[in-house]
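Contents: one structure, followed by commentary.
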Amino acid sequence: MNRALDFVRDRSGFEMILIGLSAVYLFLFAGAPFVFNVLMSFQKVDLFNIASIDRPFVGFANYQKILANPDFWLIVRNTVVFVALSSVCQLAGGFALALFFMQDFAGASWLRGLFLAAWITPGYAIGQVWKWMLAGDTGIANYFLRSLHIIDGPVYWLSDPSLALLTITFVNVWLGIPFYLLLISVGLSAIPRDLYEAAELDGANAVQRFCGITLPLMRDTLLALVALGAILTLQQFDLIAALTAGGPVNSSNVAQFWSWQLSFQSYQIGLGSAVSVLMLLVVVVIASIYVAATRSERAA
Amino acid sequence: MRKLVLAAAAAVALSGGAQADPITLSVWGIDNQTGSGNPGYTQIMVDEWNAKHDDVKLEYRFVAFDDANNDFARAIATNSGPDIFMINTTDTQFYAARDVLVDLTDRIAASSVIKPSDIFPGYLAAITYNDRIWEVPKAADTIALYYNPDMFKAAGLDPDKPPRSWQELHDYAKALTKPDQGVFGIAFSAKNGQEGPWQWLPFVRMTGEDWTNVDTDGARRALTLWKTFVDEGLASKEVLVQAQSDAADMFRAGKAAMVLQGNWDLPNMEGLPFKYRLALLPPEKEGGLQVSAAGNFTYGINKQSAHPDEAFKFIEYVYSQQDRNWNEFGLLPAYAFEAKDPKWPDAYKVFTEQLKFGRVLGPSPRWNDVSIALQTAIQSALSGQSDVDSALKRAAAEIETIKNEQ
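Protein chains in written order, with our numbering: chain A, 1445 to 1744; chain B, 18 to 423.
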């Protein structure tokens, strides 16, 4: 008994318990579902055999079906555009706003806090509100653009196949900017003020200070943010469900929504799982770029 | 919980107790008290039943429309499902083919309440699979043409003479469209969901063709008609993302002069600044084949239920109440009936007539997949991503694959 107590009191035993708890948690809530998902992607799964693990194996047939689907490359292209464009615009917008709010003016900090209101609103609700505003015939967006004589006739933001994806990306950018703004602000405030003062004394102008001090010191933060933001965008589901449901005809469909459609609309859960496994590979690539980049930073 | 109650009931029975505990059955459905169009029908029936019966008690659980199939199937897979569940007429064969329901054929044959010969043929086809009957219709829905008589008059059209053919439907829509006022001649739903095929398939069927093969001239004419509405600006391009309720909202707001919409929306058509009128969907040629949609829900009994007989009694009870459907719920029964002193008498006349030509979606155990193929065809043609012919050829090929797989 004493020995067991000693083992816990002893630092290494305590640490092992802590690690063990985390490991059990990770296994139960991340590892096991992951293995289950990969397993399903090699099986024929429908709604009625979902509860048992003993399902017919089909090898790579699910993956072959996904790759052979006539919409596969369209959805890949849409996903790349959605994630890349969202990340770039969110980063640029968030950075610009963060720099703006670093300026010393009245109400700067609480105004910055207000931006978070958008980010904590449920995505589906936001999608519905934007759907009303962007409605082609009755939406307020077209009303304003028309009043300002920017457009002549209504623009069909959501039902024009050439615009739907861009519209969803725009709303996603709007939704993601506060997240970038907040985390970049944290990074910016960690940069010692005296560096800027010293640079100013040496005659460096604002652009030089930005390129010479801010950017290099923010590198880690920005890389982490872009990786995180890209992953969050890859998870973005509510907005798409609320705005276009991937339509018209997949013109705004992206991988995560397609995976859901396959699993829960046409009940081909094996195919849906295969799409999510393919997406996971992409996430692993994004994450490893991030890890490699931050490692080289530390080594340098 | 059910098992506990059952065990308790058995214990009481064994000990010779005089008063047996009631059996509890669970009922899952998509009716709730809050949403528009869902007047809490099944909930009301359950409450009525519970007020009248002490030996069998029912518990009702609301399941969201979009999640219904997922919830039911998961519950069945884990043996935790309800005794009775509400099944969409589009999914009746899906469940029957999976062998998860109690075969009701013999019970219905012995029933003094439910007579299959009374049920409209479309509904009977939906609940029949391999010559056996698996569900019982709860109510019936169909769609007709709502129109705004004031706009008819303003456009020089006679409100007493609604369109009688597709050509007239097109001409009327054209006359009623007022681009400068943002008014469209006609509104409908071509959404990528069940609503698209639900509204479009009647047009295909009016040509004598059907979903089983859409690579036909009839299907091409039906899709071309819809495409013309959009291309000529007689209907909004938003039909691609509009639900039926959105299209009806445009009609109510005076932004569309005609709309394809169902009987369930009647309660929302009251108190408008104009007095709506209703007409049957026009056939392709005047006097030609008439078809409309037919839908709503059915009840099925879970094969895992311990009390199928009691469950069937509840289904019989609801069935016997269908003559209340119209006046209390704005729904029709799935058999020919005459309402006494009907509410909305004009609408009643049109919808009971329209339902005679109602045909359900499918029926097919894989209707969901067929529906997606049709949605894609409608959407790609209407959005101009593909021409009518190739959109339908692709859908026909997909449907052929689905038919061969099942």
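Using N, Cα and C, we set each Cβ at its ideal position, and we do this for glycine too.
Asked	Found
Any beta carbon of chain A sitting closer than 8 Å to that of residue 30 of chain B?	Unreliable positioning characterises residue 30 of chain B in this predicted model, as indicated by a pLDDT of 46, which lies under 50. A coordinate reading is not provided.
Can you name the residues that DSSP bridges to residue 1534 of chain A?	Note: residue 1534 of chain A sits in no beta bridge, so no partner.
Would you say residue 310 of chain B and residue 159 of chain B are within 8 Å of each other, going by their C-beta atoms?	yes
Can you find a CB in chain A that lies within less than 8 Å of the CB of residue 272 of chain B?	yes
State the start and end residues of the unbroken beta strand (DSSP E) segment that holds residue 295 of chain B.	294 to 296
Reducing DSSP to helix, strand and coil, say where residue 279 of chain B ends up.	strand
Which of the three DSSP states is assigned to residue 195 of chain B in this structure?	strand
Is residue 1701 of chain A closer than 8 Å to residue 1684 of chain A when the C-beta atoms are compared?	yes
Please say whether residue 69 of chain B and residue 316 of chain B have beta carbons closer to each other than 8 Å?	no
Can you tell me which of the three DSSP states residue 300 of chain B falls into?	coil
Output the distance between the C-alpha atoms of residue 389 of chain B and residue 190 of chain B, rounded to the nearest integer angstrom.	28 Å
For residue 200 of chain B and residue 325 of chain B, which I take to be in contact (beta-carbon distance under 8 Å), what is that distance rounded to the nearest angstrom?	Actually they do not touch by this definition, with Cβ atoms about 54 Å apart.
DSSP three-state call for residue 76 of chain B: helix, strand or coil?	strand
Would you list, in chain order, the members of the segment 366 to 389 of chain B that have their beta-carbon closer than 8 Å to a beta-carbon of chain A?	385, 386, 389
Taking the alpha carbon of residue 152 of chain B as the point to measure from, which residue in B:349, B:162, B:133 has its own alpha carbon closest?	B:133
Can you find a C-beta in chain A that's less than 8 Å from the C-beta of residue 90 of chain B?	yes
By a C-beta neighbour count over all protein chains shown, 10 Å radius and 16 as the cutoff for buried, is residue 164 of chain B buried or exposed?	buried
In this structure, does DSSP put residue 1475 of chain A in helix, strand or coil?	helix
Please tell me whether residue 254 of chain B has its Cβ less than 8 Å away from any Cβ of chain A.	yes
Below 8 Å on the Cβ atoms is my contact criterion, and I expect residue 276 of chain B with residue 205 of chain B to pass it. Report the Cβ-Cβ distance as a whole number of Å.	7 Å
With residue 315 of chain B as the anchor, note down where its alpha helix (DSSP H) starts and where it stops.	Taken as a continuous stretch (DSSP letters only), residue 315 of chain B belongs to no alpha helix (DSSP H), being part of the beta strand (DSSP E) at 314 to 318.
Which stretch, first to last residue, makes up the beta strand (DSSP E) that contains residue 41 of chain B?	40 to 46
Compare the C-beta of residue 416 of chain B with all C-beta atoms of chain A and state if any pair is closer than 8 Å.	no
According to the Cβ coordinates, are residue 1577 of chain A and residue 1583 of chain A closer than 8 Å?	yes
Once you ignore the five residues that flank residue 358 of chain B on each side, which residues in its own chain have a CB closer than 6 Å to its CB?	none
Would you mind stating whether residue 409 of chain B and residue 237 of chain B have Cβ atoms separated by less than 8 Å?	yes
Kindly say whether residue 1566 of chain A, judged by its beta-carbon, lies nearer than 8 Å to any beta-carbon of chain B.	no
Per DSSP, residue 101 of chain B is paired with what?	B:44, B:318
Report the residue from B:387, B:383, B:421 whose alpha carbon sits nearest the alpha carbon of residue 113 of chain B.	B:383
Are the beta-carbon atoms belonging to residue 10 of chain B and residue 265 of chain B less than 8 Å from one another?	The question about residue 10 of chain B has no answer, for chain B in this structure spans 18 to 423.
Could you give the distance in angstroms between the alpha-carbon of residue 127 of chain B and the alpha-carbon of residue 349 of chain B?	25 Å
Check whether the segment 290 to 300 of chain B touches the segment 167 to 181 of chain B, taking contact to mean three or more Cβ pairs, one atom from each stretch, closer than 8 Å.	yes
When the Cα atoms are used, what is the spatial distance from residue 1650 of chain A to residue 1673 of chain A?	28 Å
What span of residues does the beta strand (DSSP E) with residue 154 of chain B cover, start to end?	152 to 154
If I follow the unbroken alpha helix (DSSP H) through residue 201 of chain B, where does it start and stop?	It is not in any alpha helix (DSSP H) - residue 201 of chain B instead sits in the beta strand (DSSP E) that spans 201 to 204.
Check the DSSP bridge columns for residue 145 of chain B and list the partner residues they point to.	B:150
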